[in-house]
Ligand code: SF4
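Residue numbers (the working numbering): 4 to 488.
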């Protein structure tokens, strides 16, 4: 058990390569033997996604150096794992990046937390699958949330979090507290469908933070490494048109995740008091030290600060070609999804939108009326339900003027005929509902493809075809049934 003073020690390490930076940081922290004992079972929580640009996953050189250090310290077993984004089995990512083999060579084991290493087994029926699933997970009730945690994480003597820092549209940065959230299956991470949810008071974000902190308190890491050697700034955390790779050459280490996150925020010139994750952690009896109470070793904080460009906080700042954004009152759920959808459209659909003009993107409750009636996208349940009586729902049919024989007669009858003219309307068919609270991005893209037609949006069609290579097939079907069990 580490002492309280030890918990508030944080190291800032700087070097020329990520591996060097890791080794130097660990030495400054006192060495791995302060954290790993002979015979320990170690679980390393890292970032695991299909590569969507660099850096989206934890740096492999750093993982290698960490595995070797744990072995030197006498660890008996070293496991690595994480749940990726919903819909992709770990087996697909592992095969694509050759992770299982690579970690095996180093004497560690990639854990298929979703049991996807079994999905190719033809003899595996629903009952077997259910048995495997529930033997590998433990159900934990915490406050109002019921979550499943892999037994291998609960049963490991030591938990290490190696977290790739990038910008984040909701929380400014992907902090290590967020990294802890993906120790539970993606289906558990979803904020429950709350039919009473309203965009006021940002109920979505409150529910999300509560759940993230619930999961964090179940098993906090013994050692945390925030890797900001390379950071995707601007429109990150994925590669979008406005994303930019920044090299800081830095990593932040410590045994207390909150302290490591506070120092990381300050290194990147962000006031940690502005982080809702950190400030709300205080209400949960999580120890949140002041920056002045954290002992910083290694590089000095004032010599290490870097200015980075954060994600935009206003959707209108994502200038997407031929798309006009009309906002009402919306919450973080729709903001996050719209942020990614608009950045996707800007990055990959530039040519498509060049020829499909006058698009209006309505978001939130009671959005502004669009000026043009080209294509109108209603993003989320709020604009779908609150715009039923809006003008854009109908097209006014201009009455055809009959040729008047005589100007004189025309003038005399002008007022009468005005009264007689009935305004005719027909329903506007150029409206696309993108339902959800909040909507799912890939469902939105599929709906947009259907709305425009393949020939009219060839770039979107190509992207979705490529994407279907990952999101269809037997492994995916098995994962879906695993998640629904
Ligand atoms: S539809 Fe979007 S803005 Fe409205 S409550 Fe749901 S998540 Fe929030």
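Backbone N, C-alpha and C fix where the C-beta goes; we use that ideal spot for every residue, glycine too.
Asked, Found
"Could you tell me the boundaries of the alpha helix (DSSP H) in which residue 451 lies?", "444 to 455"
"Tell me whether residue 348 sits in a helix, a strand or coil according to DSSP, three-state version.", "helix"
"Tell me which residues share the same chain as residue 298 and place their Cβ nearer than 8 angstroms to its Cβ, disregarding the 5 neighbours each side in the sequence.", "8, 11, 12, 13"
"Inspect the beta-carbon positions of residue 367 and residue 393 and report whether they are closer than 8 angstroms.", "no"
"Per the contact definition of three or more C-beta pairs closer than 8 angstroms, is the segment 228 to 242 in contact with the segment 166 to 179?", "yes"
"With a threshold of 7 angstroms (Cβ to nearest heavy atom), would residue 287 be considered close to ligand 1?", "no"
"Confirm, please, whether the CB-CB distance from residue 383 to residue 207 is below 8 angstroms.", "no"
"Kindly give me the distance between the Cβ atoms of residue 139 and residue 154, rounded to whole angstroms, as I take these residues to be in contact under 8 angstroms.", "6 angstroms"
"For residue 469, count neighbouring Cβ atoms within 10 angstroms of its own Cβ and tell me buried if that reaches 16, exposed if not.", "exposed"
"Less than 7 angstroms between the CB of residue 342 and some heavy atom of ligand 1, yes or no?", "no"
"Would you call the segment 345 to 359 and the segment 454 to 463 in contact, with 3 or more CB pairs under 8 angstroms?", "yes"
"State the start and end residues of the unbroken beta strand (DSSP E) segment that holds residue 427.", "427 to 430"
"Under 7 angstroms: does the beta carbon of residue 440 sit that close to some heavy atom of ligand 1?", "yes"
"Let me know the secondary structure DSSP gives residue 50 once reduced to three states.", "coil"
"From the DSSP output, read off the bridge partner residues of residue 162.", "46"
"Spatial neighbours of residue 287 within its chain, please: C-beta separation below 7 angstroms, excluding the five flanking residues on both sides.", "216, 220"
"What separation, rounded to the nearest whole angstrom, lies between the Cα atoms of residue 79 and residue 44?", "6 angstroms"
"Between residue 265 and residue 275, what straight-line distance do the alpha-carbon atoms span, to the nearest angstrom?", "6 angstroms"
"When you compare only the Cα positions, how much space is there between residue 376 and residue 339?", "26 angstroms"
"Suppose the cutoff is 7 angstroms on Cβ atoms and the five residues either side in sequence are ignored; what does the same chain contact list for residue 205 look like?", "334, 335"
"For ligand 1, is there a heavy atom less than 7 angstroms away from the beta-carbon of residue 202?", "yes"
"Out of curiosity, what's the CA-to-CA distance linking residue 477 and residue 123?", "8 angstroms"
"Got a sec: does ligand 1 put a non-hydrogen atom nearer than 7 angstroms to the Cβ of residue 334?", "yes"
"Tell me where the beta strand (DSSP E) around residue 362 begins and ends.", "362 to 366"
"Quick check: what's the CA-CA separation for residue 225 versus residue 328?", "45 angstroms"
"With the cut-off set at 8 angstroms, would you say residue 159 and residue 86 are in Cβ contact?", "no"
"Check the DSSP bridge columns for residue 95 and list the partner residues they point to.", "Residue 95 pairs with nothing; no bridge assigned."
"Please return the same chain residues whose Cβ sits closer than 6 angstroms to the Cβ of residue 365, not counting the five positions on each side in sequence.", "329, 381, 386"
"Look at the alpha carbon of residue 305 and the alpha carbon of residue 279, and state the distance between them as a whole number of angstroms.", "24 angstroms"
"Anyone know if the C-beta pair for residue 263 and residue 179 falls short of 8 angstroms?", "yes"
"Who does residue 254 pair with in a DSSP beta bridge?", "16, 230"
"Just the Cα atoms here: how many angstroms apart are residue 435 and residue 344?", "15 angstroms"
"Assuming residue 115 contacts residue 94 (C-beta within less than 8 angstroms), just tell me the rounded distance between them.", "6 angstroms"
"Return the chain-ordered list of same chain residues with a C-beta closer than 6 angstroms to the C-beta of residue 69, the five sequence neighbours on each side being excluded.", "none"
"Report the residue from 84, 303, 331 whose alpha carbon sits nearest the alpha carbon of residue 31.", "303"
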